[in-house]
Amino acid sequence: MSLKIIVCVKAVVVGAPGGRVIRSSNSCELNPFDRPPLEAALRMKEEKGASLTVLSMGPPSCAFVLHEAIAMGAARGILVSDPALAGSDTLATSAALGAALQKLAPFDLVLFGTRSADGDTGHVGPQTAVLLDLPLVGSVDLIEKKGAGLVVERTLDGFRESFEVRLPAALTIHPGFSEPRDVPLAGIQGAFEREQVETWSLSDLGLSAEQVGEKGSPTRVTAISKADRRRKCEFLSGSEEEQAEQVAQRLTEWGLLE
Amino acid sequence: MDIFLSEKNRVVRQSVRRFCEKEIKPIAAEIDRECSFPWEVVEKMGRLGYFGIQAPRELGGAGLDSVSYVIVIEEISKGCAGLGLCVSVHNSVALYPILAFGTREQKQKWVPPLARGQKIGAFCLTEPNAGSDASGIEATAIRKGDHYVLNGNKVFVTNGGVADTCLIFARTDPGAGSKGISVVIAERGTPGFVVGDLEDLCGVRANPVSSIRLYDCRVPLENLLGKEGMGLRIGLTALDTGRLGIAAQGVGIAQAAFEEATKYAKQRKQFGVPISRHQAMGMMIADMATQVDAARLLVLRAAVLRDQGKPFSRQSAMAKLYASETSTSVTDMAVQIHGGYGYSKAYPVERYYRDARVTRIYEGTSEIHRMVIARSVLE
Chain W
1 MSLKIIVCVK AVVVGAPGGR VIRSSNSCEL NPFDRPPLEA ALRMKEEKGA
51 SLTVLSMGPP SCAFVLHEAI AMGAARGILV SDPALAGSDT LATSAALGAA
101 LQKLAPFDLV LFGTRSADGD TGHVGPQTAV LLDLPLVGSV DLIEKKGAGL
151 VVERTLDGFR ESFEVRLPAA LTIHPGFSEP RDVPLAGIQG AFEREQVETW
201 SLSDLGLSAE QVGEKGSPTR VTAISKADRR RKCEFLSGSE EEQAEQVAQR
251 LTEWGLLE
Chain R
1001 MDIFLSEKNR VVRQSVRRFC EKEIKPIAAE IDRECSFPWE VVEKMGRLGY
1051 FGIQAPRELG GAGLDSVSYV IVIEEISKGC AGLGLCVSVH NSVALYPILA
1101 FGTREQKQKW VPPLARGQKI GAFCLTEPNA GSDASGIEAT AIRKGDHYVL
1151 NGNKVFVTNG GVADTCLIFA RTDPGAGSKG ISVVIAERGT PGFVVGDLED
1201 LCGVRANPVS SIRLYDCRVP LENLLGKEGM GLRIGLTALD TGRLGIAAQG
1251 VGIAQAAFEE ATKYAKQRKQ FGVPISRHQA MGMMIADMAT QVDAARLLVL
1301 RAAVLRDQGK PFSRQSAMAK LYASETSTSV TDMAVQIHGG YGYSKAYPVE
1351 RYYRDARVTR IYEGTSEIHR MVIARSVLE
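These protein sequences, in sequence, are chains W and R.
Start counting the first sequence at 1; every next residue gets the next number (my numbering).
Start counting the second sequence at 1001; every next residue gets the next number (my numbering).
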């Protein structure tokens, strides 16, 4: 039987002129860390006939990330979108995504990127797996089907680890999994020709406004400011050999060279 | 700027930009220096649909709109003007006339390999004695039995060195003046089809611009596009679309130069501050930003009109004129902001400056475009 895979993706902010974050298709792009899980799922679709749905949470202007995933080969996109979701922290986000995943159940596999390029917490995949009581393996770079489950592998702290995982399961995919594919133009035309993206509100998910958004978030970012990162530039003089000697000396002093 | 774009157009821009950053930008200086055509990248572009942007999906194309088309050309040209030129000419003046004037059989035969980038197209109009005045064409296509026999010398053929499918403008009726000109498709490899040496050009050097000579080159009668005598009409229709692509190419080159110049102006220090803080630099940066935006808006307007099926000839002429003039002035300012480094091949603005110059010459010179616009205004 073919696997039913869901990939969770995010539109990340790439530009915030004047420090103001406005999420739109001009200021956002598909999280680069979500491309490897998409690629993993697309390969399973092509090689093993898996079905692929992409899931995201964000304002309607961020639905384009789902269209982009559809342009690459996903069959269906779900955008969880509701004004009450604004201000959700990673736990509230996981709660909303978890509710959407339950609505999409039964499924076999949920894939996440290891983190997002903007928030950079790495929370959402693991938290969602915990909320749904799914087995989770993080930073996976190899997936093989074995019997009714999967064998997955990863490299951690210099060790190669191999796991057998029963399904349904959740995985976060290591950024080095493989080179993500480029988006074909015909795929983009196809993704917009026929509406394949559905929008689900909180009521569709059976959630209340208290469970998500700022009210449902135990954490809050109170302030963000640019870190004061002063760089010191020092010019070395002398012959090339003398300069190389000075570099080696500095690196040894700093404990970077033994 | 992007308020005029649909979500689809934006996804096209982001996707093509990502591809060009990854695949084209890193090799652009080298392929310019070496005059080499990057087949490996071109094959990838073909698989992604860049060679059939507006061709119908059932014929192997992407089926996108004209706005997407100009976006793709702008983004590729931002990375490498020679490749932007290749894709623009292939899509607009080689592929599009077959879609617009070809029979069902011709479309089935020629379009899918062109749209998939498996074959590269070229538009062979210019001759040593015919350029702005297309009616001066001397090449001939004389009917003999079930073939046309082609003879002529086509020069400055964009993509000439790699083109498989060439639209040849030739006289089928040498005595009928401009009404005797027709378009016949000739394929590389046909006996008598000879590709000349590559031109050693100032810019767009990654494009294998060459001459194509035809010596008693026999092609079947079914390779006639449209009807005999329709050549100039086909050419002018193709050029309306073609100049939209070249306008987009100009915007892409200008955008690249603008980005490099602003980056440099913030980094380079003179008199104790980044040169961007000096008013003279600020004035240039303001002019560059304004000209690039204005050029892009003109290009988008013409593309939108085309998508709406409305006349866009005058607007595309204005877009081509303004974008190509902008391209040369913005790249000139980018070199000026870079000072001595701008004149060095160590920085990309030197290449942009060379690439921009030709946009005022090909697919209709700025002077011809001014004539077209003036005629349309005064009529």
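Every residue gets a Cβ at the ideal spot worked out from N, C-alpha and C, and that includes glycine.
Task: From 1293/R, 1178/R, 1180/R, 1212/R, residue whose alpha carbon lies closest to that of residue 1188/R - done: Residue numbering aside, residue 1188/R sits at position 188 when the second sequence is read from its first letter. The candidate whose alpha carbon is nearest that of residue 1188/R is 1212/R.
- [ ] Find the residues of chain R that neighbour residue 196/W, judging by a C-beta separation of less than 8 Å, and give them in chain order.
- [x] The count along the first sequence starts at 1 and reaches residue 196/W at position 196. Ordered by position in chain R, no residue passes the 8 Å Cβ test against residue 196/W, which lies about 13 Å from the chain.
Open item on the list: Let me make sure I understand the geometry here. Which of 86/W, 113/W, 156/W, 15/W has the alpha-carbon closest to that of residue 55/W?
Closed with: Position 55 of the first sequence, counted from the start, is the residue given in the question as residue 55/W. Considering only alpha carbons, the answer is 113/W.
TODO: Assuming residue 1024/R contacts residue 1083/R (C-beta within less than 8 Å), just tell me the rounded distance between them.
DONE: Counted from its first residue, the second sequence places residue 1024/R at position 24. Counted from its first residue, the second sequence places residue 1083/R at position 83. Residue 1024/R to residue 1083/R, Cβ: 6 Å. Contact.
Open item on the list: List, from N- to C-terminal side, the alpha helix (DSSP H) runs of 4 residues or more that fit wholly inside the segment 1098-1123 of chain R.
Closed with: 1104-1115
Open item on the list: Less than 7 Å between C-beta atoms, sequence neighbours within five positions excluded: which residues of the same chain meet that for residue 192/W?
Closed with: In the first sequence, residue 192/W corresponds to position 192, counting from 1. Same-chain partners within the cutoff: 67.
Open item on the list: Does any residue of chain W have a CB that is nearer than 8 Å to the CB of residue 1269/R?
Closed with: Taking the second sequence and counting its residues from 1, the one referred to as residue 1269/R is at position 269. By this cut-off, residue 1269/R is not an interface position.
Open item on the list: Let me confirm a value: residue 1349/R is counted as buried when at least 16 other C-beta atoms fall within 10 Å, else exposed. Which label applies?
Closed with: As a working mapping, residue 1349/R is identified with position 349 in the second sequence. Classification of residue 1349/R: buried, given that the 10 Å Cβ count is 16 or more.
Open item on the list: Short of 7 Å Cβ to Cβ, which residues in the segment 185-215 of chain W face chain R?
Closed with: 185, 186, 188, 189, 192
- [ ] Output yes or no for whether 8 Å exceeds the beta carbon distance between residue 1243/R and residue 1317/R.
- [x] By 1-based counting over the second sequence, the position of residue 1243/R is 243. By 1-based counting over the second sequence, the position of residue 1317/R is 317. Cβ atoms of residue 1243/R and residue 1317/R: closer than 8 Å.
- [ ] Note down the Cα distance separating residue 165/W from residue 150/W, rounded to an integer number of angstroms.
- [x] If you number the first sequence from 1, residue 165/W lands on position 165. If you number the first sequence from 1, residue 150/W lands on position 150. Distance between the alpha carbons of residue 165/W and residue 150/W: 5 Å.
Open item on the list: Distance cutoff 8 Å, beta carbons only. Does residue 1010/R sit that close to anything in chain W?
Closed with: In the second sequence, counting from the first residue as 1, residue 1010/R sits at position 10. True, the Cβ-Cβ gap to chain W drops below 8 Å.
Open item on the list: Against chain W, does residue 1014/R count as a neighbour if the rule is that its beta carbon must be under 8 Å from one of theirs?
Closed with: Sequence index remark: in the second sequence, residue 1014/R carries index 14 (1-based). Output row for residue 1014/R: interface = yes.
Open item on the list: I want to see whether chain R comes within less than 8 Å of residue 164/W, judged by CB atoms only; does it?
Closed with: In the first sequence, counting from the first residue as 1, residue 164/W sits at position 164. By this cut-off, residue 164/W is not an interface position.
Open item on the list: With a threshold of 6 Å on Cβ separation, who are the neighbours of residue 1086/R within its own chain once the five nearest residues in sequence on each side are excluded?
Closed with: The residue you call residue 1086/R lines up with position 86 of the second sequence. Closer than 6 Å at Cβ, skipping near neighbours: 1159, 1207.
Task: As assigned by DSSP and simplified to three states, the class of residue 28/W - done: Locating residue 28/W in the first sequence gives position 28, counting from the first residue. DSSP places residue 28/W in strand when its eight states are reduced to three.
TODO: Taking the CB atoms as reference points, tell me whether residue 1122/R and residue 1235/R lie closer together than 8 Å.
DONE: As a first step, residue 1122/R is located in the second sequence; it is residue number 122 there, counting from the start. As a first step, residue 1235/R is located in the second sequence; it is residue number 235 there, counting from the start. No, Cβ-Cβ distance for residue 1122/R and residue 1235/R is not below 8 Å.
Open item on the list: I'd like the span of the alpha helix (DSSP H) that includes residue 1077/R, first residue to last.
Closed with: What you label residue 1077/R is simply residue 77 of the second sequence in a count that begins at 1. Per DSSP, residue 1077/R belongs to the alpha helix (DSSP H) from 1066-1079.
Task: Under 9 Å (Cβ pairs) to chain W, residues found in the segment 1022-1055 of chain R - done: 1022, 1023, 1044, 1047, 1048, 1049, 1050, 1052, 1053
- [ ] Could you please tell me which residues of the segment 46-64 of chain W, in chain order, have their CB closer than 9 Å to any CB of chain R?
- [x] 61, 63, 64
TODO: Mind listing, in chain order, the continuous beta strand (DSSP E) runs of no fewer than 3 residues lying wholly within the segment 70-157 of chain W?
DONE: 76-80, 109-113, 136-140, 142-146, 149-156
Task: Element boundaries [beta strand (DSSP E), containing residue 1196/R] - done: As a first step, residue 1196/R must be located in the second sequence, where it is residue number 196. Looking at the DSSP string, the run of the beta strand (DSSP E) that includes residue 1196/R is 1193-1198.
TODO: Kindly list, in the order they appear in chain W, the residues whose Cβ is closer than 9 Å to that of residue 1007/R.
DONE: For the purposes of this step, residue 1007/R is taken as the residue at position 7 of the second sequence. Near residue 1007/R (Cβ distances below 9 Å), the residues of chain W are 25, 61, 63, 64, 67, 192.
Open item on the list: Applying the 10 Å Cβ sphere with the 16-neighbour rule, what's the burial state of residue 1271/R?
Closed with: Position 271 of the second sequence, counted from the first residue, corresponds to residue 1271/R. Residue 1271/R comes out exposed.
Task: Coil, strand or helix - residue 22/W by DSSP - done: In the first sequence, the residue the question calls residue 22/W occupies position 22. If DSSP states are grouped into helix, strand and coil, residue 22/W belongs with coil.
TODO: Report, in whole angstroms, the separation of the C-beta atoms of residue 1214/R and residue 1152/R, which I expect to be a contact under 8 Å.
DONE: As a working mapping, residue 1214/R is identified with position 214 in the second sequence. As a working mapping, residue 1152/R is identified with position 152 in the second sequence. About 5 Å separates the two Cβ atoms, so the contact holds.
Task: Cβ-Cβ distance between residue 1073/R and residue 1245/R below 8 Å - done: In the second sequence, counting from the first residue as 1, residue 1073/R sits at position 73. In the second sequence, counting from the first residue as 1, residue 1245/R sits at position 245. In contact: residue 1073/R and residue 1245/R (Cβ atoms closer than 8 Å).
Open item on the list: Excluding the 5 residues flanking residue 1100/R on each side, which residues of the same chain have their C-beta closer than 7 Å to its C-beta?
Closed with: Along the second sequence, read from residue 1 onward, the residue named residue 1100/R stands at position 100. Excluding sequence neighbours, residue 1100/R sits near 1237.
- [ ] Return the residue from the list 159/W, 174/W, 60/W, 143/W that minimises the CA-CA distance to residue 47/W.
- [x] Indexing the first sequence from 1 puts residue 47/W at position 47. The shortest Cα separation from residue 47/W among 159/W, 174/W, 60/W, 143/W belongs to 143/W.
TODO: Compile a chain-ordered list of the residues in the segment 1059-1092 of chain R whose CB is closer than 9 Å to at least one CB of chain W.
DONE: 1060, 1061, 1062, 1063, 1064, 1065, 1068, 1072
TODO: Can you tell me which of 14/W, 117/W, 16/W, 72/W puts its alpha carbon nearest to the alpha carbon of residue 38/W?
DONE: Position 38 of the first sequence, counting from 1, holds the residue named residue 38/W. With distances taken between Cα atoms, residue 38/W lies closest to 72/W.
Task: Given residue 1012/R as reference, the closest of 1046/R, 1062/R, 1056/R once Cα atoms are compared - done: Translated into positions along the second sequence, residue 1012/R becomes position 12. Ranking 1046/R, 1062/R, 1056/R by Cα distance to residue 1012/R puts 1062/R first.
Open item on the list: Below 8 Å, how does it come out for the segment 1256-1263 of chain R and the segment 1340-1349 of chain R: are there three or more Cβ pairs, yes or no?
Closed with: yes
- [ ] Compute the Euclidean distance between the alpha carbons of residue 1342/R and residue 1230/R, then round it to the nearest angstrom.
- [x] Translated into positions along the second sequence, residue 1342/R becomes position 342. Translated into positions along the second sequence, residue 1230/R becomes position 230. Their backbone Cα atoms lie some 47 Å apart in a straight line.
Task: CB of residue 160/W within 8 Å of CB of residue 139/W, strictly - done: By one-based count along the first sequence, residue 160/W stands at place 160. By one-based count along the first sequence, residue 139/W stands at place 139. Going by C-beta atoms, residue 160/W is not nearer than 8 Å to residue 139/W.
Task: residue 1166/R, buried or exposed, once every other Cβ within 10 Å from all chains shown has been counted against 16 - done: The count along the second sequence starts at 1 and reaches residue 1166/R at position 166. It is buried - the Cβ of residue 1166/R has at least 16 other Cβ atoms within 10 Å.
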